[in-house]
Amino acid sequence: MKQRDILFILIPTFLLVVLWVIFNIYHNSIESTVSKTVSAEVVPISPDFDFQTIENLKKREVIQPLYEISPVNSSVPAPAEVETSSVSANQEPIIIQEPEPPPTITTP
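Each residue of the sequence shown is one higher than the one before, counting from 8 in this note's numbering.
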């Protein structure tokens with residue numbers, strides 16, 4: 008290629024990029040992503056912390072959850088057996104996982 012051909016391609020490309028950047032700057036300056044109602048509702052957070060409340064939270068008792076139910080002694084006798092509505096109510100749920108299909112091999 009000759010130098011003239013390179014300039015013939017380079018100058019319009021440069022102008023196109025410059026115009027593109029100028030258009031994007033203009034477009035972003037006139038378009039706002041935050042509406043006026045939302046910007047009115049946005050309130051900055053106060054930087055003042057209530058240190059007394061934070062200290063009270065640190066002093067709270069940690070409660071460990073129990074995952075087993077212990078029987079409660081009461082004077083009322085427990086029923087002998089509670090019947091369920093169906094046999095499937097006593098069964099564990101069955102989870103079926105479908106196997107992944109093997110990868111396909113294509114030959115040219």
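We put the beta carbon where it would ideally sit given N, CA and C, even for glycine.
Quantities reported herein were computed from a predicted structural model and do not represent experimental measurements.
### Query
What is the rounded straight-line gap between the Cα of Tyr33 and the Cα of Phe15?
As a first step, residue 33 must be located in the sequence shown, where it is residue number 26. As a first step, residue 15 must be located in the sequence shown, where it is residue number 8. Approximately 28 Å, taken between the alpha carbons.
Between which two residues does the alpha helix (DSSP H) holding Val45 run? Against the sequence shown, residue 45 aligns to sequence position 38. Taken as a continuous stretch (DSSP letters only), the alpha helix (DSSP H) holding Val45 covers Lys43 to Glu48.
For the alpha helix (DSSP H) containing Arg67, list its first residue and its last residue.
In the sequence shown, counting from the first residue as 1, residue 67 sits at position 60. Note, Arg67: premise wrong, no alpha helix (DSSP H); not H, not E.
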